[in-house]
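As structure tokens, the structure follows; a few thoughts come after it.
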Amino acid sequence: MTPDLHARHRAVLPDWLALYYDRPIEITHGEGRHVWDADGKQYLDFFGGILTTMTAHALPEVTKAVSEQAGRIIHTSTLYLNRQMVELAERVASLSGIPDARVFFTTSGTEANDTALLLATAYRRSNQILAMRNSYHGRSFSAVGITGNRGWSPTSLSPLQTLYVHGGVRTRGPFAHLSDAEFIAACVDDLRDILGQTRGVAALIAEPIQGVGGFTSPPDGLYAAFRDVLREHGILWIADEVQTGWGRTGEHFWGWQAHAQNGPPDILTFAKGIGNGMSIGGVVARADVMNCLDANSISTFGGSPVTMAAGLANLIYLLEHDLQGNARRVGGLLIERLRAVAATTECVREVRGRGLMIGIELVRPGTDEADPDAAAAVSEAAREAGLLVGKGGGHNTSVLRIAPPLTLTVAEAEEGAAILERALRTVC
Ligand code: PMP
């Protein structure tokens, strides 16, 4: 326990800087899928530091690349040539699926979305944006303005005019009883209806699977159907891959690929895991969209040699070890195992997800009513037993979020599932 540090945190940092757990954890080191706190307690990390640790904690390849580069120089500026930045950009561009792609690196997902919005609004000369209900895109002024769940927005002011489209939440609401095809048709009707009332919309931004929103996933092909309508109006499609990128969903390298029938997005944003904990975000866009800005730069700080070295080493490891395949295999087993547990408890409404992006939605026993208290209690019980999980969901944080480093082994998946099973049985 570090009560003194907690008190000092509270005295000097903003009240709204949320901390997990009644007794917050000070993580002091990590290795593989495990982290340790200041008291020496070991945790199996099923949340990967909110998905920032993509491959493994203290992956030797990344640590070596970072320390070698830090020994040479930590930062220069985007004003000079940077070999690591060019190499990582080349790899990201070719993996993105966007033809003639250009890449710009930032330091966070929020900044990546900010840049994507700047590009789209400049390209289309409009500040009107379509976003999904229940979405989350970060907390800068413009990212807040488009985030669909207003409960996550610290201000109602926005430099953008945003309209919210159906399709983010499938599991509840008026469309819940529809088949996949009916759901897609209803969402397309809704989109057409909105477009009938607007003129000159710049872009639609969407997370292929909503992350903070509780790992809710639309049926495959929803964004492909949207794409047809967007094209008719010249509207750009921005895929926010901050949580879904880099093979986490197992089936696809990017989340948008579940909606690929009508081509790739015009703009893709990424962040989190690519740096394996180092602060990297970025935007990939068609060259004509990326180059529409009359700017010298947007930031001098994105793409520093150290973060780029981390990103390169991490991406090479991910590809060489087929971690997308591992996410599919181990994630598949974990989902099956958790569904078997859910079938014997009354408080789990659904276990959903793809690959190593798994949500467990909790409800009051025998009802359909979201139960954030149960989610908090399960998360606290799991922590006591040595397992870290995330929380999320549009319904008052009633979804447990599981997103471990992609090197998770079958034995670790089983160990975590057993802890969750005990925690669920204690609370429910
Ligand atoms: N987009 C999505 C989908 C996210 O989940 C997040 C962070 N949770 C962001 C953007 C913002 O990223 P960052 O925290 O790196 O600013």
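Residue 245 in the UniProt record's numbering sits at position 245 of the sequence shown, with consecutive numbering throughout.
Think of the CB as a built atom: it goes at the ideal place given N, C-alpha and C, for glycine as much as any other residue.
None of these values were measured; they are calculated from a predicted model.
Going by CA-CA distance only, name the one from Ser379, Val363, Gly302 that's closest to alanine 112. Gly302
Between which two residues does the alpha helix (DSSP H) harbouring tyrosine 123 extend? It spans 109 to 124 - the alpha helix (DSSP H) in which tyrosine 123 sits, taken as one unbroken run.
Distance, Cα to Cα, serine 96 vs proline 264? The straight-line gap from Cα to Cα measures roughly 8 Å.
From Gln69, Gln84, Arg83, Thr28, pick the residue whose C-alpha is nearest to that of alanine 58; which is it? Thr28
Look at the alpha carbon of aspartate 22 and the alpha carbon of glutamate 380, and state the distance between them as a whole number of angstroms. 8 Å
By the 10 Å Cβ neighbour count, where 16 or more other Cβ atoms means buried, how is serine 179 classified, buried or exposed? Per the 10 Å Cβ criterion, exposed.
Taking 8 Å as the cut-off, does the stretch 200 to 212 touch the stretch 221 to 240 (at least 3 CB pairs, one atom from each stretch)? yes
Quick check: is any heavy atom of the ligand PMP less than 7 Å from the C-beta of threonine 409? Outside the cutoff, so no.
Within 8 Å (strictly less), CB to CB, does aspartate 220 reach chain C? Reference to chain C is not applicable here, since this structure consists of a single protein chain.
Taking its Cβ as the centre, do 16 or more other Cβ atoms sit within 10 Å of aspartate 45, making it buried, or is it exposed? Aspartate 45 is buried by the Cβ-count criterion.
Since I believe threonine 300 is in contact with serine 77 (beta carbons under 8 Å), could you give me their beta-carbon distance rounded to a whole number of angstroms? 5 Å
Spell out a yes or no on whether the stretch 332 to 349 and the stretch 358 to 369 are touching, meaning 3 or more CB-CB pairs, one atom from each, closer than 8 Å. yes
Hey, alanine 310 and valine 103: beta-carbon distance below 8 Å or not? no
Sequence ranges, alpha helix (DSSP H) only - wholly within the stretch 354 to 396, length at least 4: Whole alpha helix (DSSP H) segments, 4+ residues: 372 to 384.
Taking all protein chains shown into account, decide if isoleucine 73 is buried (16 or more other Cβ within 10 angstroms of its Cβ) or exposed. exposed
Measure the C-alpha to C-alpha separation of arginine 383 and arginine 192 and round it to an integer number of angstroms. 46 Å
Environment of valine 35 [buried if 16+ CB atoms lie within 10 Å]: buried
With H, G and I counted as helix, E and B as strand and the rest as coil, what does DSSP make of methionine 278? coil
Three-state secondary structure (DSSP) at aspartate 180? helix
Which residue comes first and which comes last in the alpha helix (DSSP H) that contains phenylalanine 226? 222 to 232
Considering Cα atoms alone, identify which of Glu90, Leu387, Asn326, Asp39 is closest to threonine 409. With distances taken between Cα atoms, threonine 409 lies closest to Asn326.
Using only the alpha-carbon positions, how far apart do alanine 313 and glycine 332 sit? 27 Å
Own chain partners of alanine 56 with C-beta closer than 7 Å, once the 5 adjacent residues on each side are dropped: Gly32, Arg33, Pro405, Thr407
Would you say the stretch 193 to 202 touches the stretch 120 to 132, given that touching needs at least three Cβ pairs under 8 Å? yes
Would you call the CB atoms of methionine 54 and isoleucine 274 closer than 8 Å? yes
Report the CB separation of isoleucine 280 from threonine 107 in whole angstroms; it is logged as a contact under 8 Å. 7 Å
Residue range of the unbroken beta strand (DSSP E) whose run includes valine 399: 399 to 402
Distance CB(aspartate 114)-CB(serine 142) smaller than 8 Å: yes
Do alanine 11 and valine 306 have their C-beta atoms closer together than 8 Å? no
Closest to glycine 167 by CA distance: which of Asp220, Arg139, Arg125 is it? Asp220
Under the assumption that arginine 422 contacts alanine 377 (Cβ atoms under 8 Å), give the Cβ distance between them as a whole number of angstroms. Not really, about 13 Å apart at Cβ, beyond 8 Å.
Taking the CB atoms as reference points, tell me whether leucine 400 and leucine 293 lie closer together than 8 Å. no
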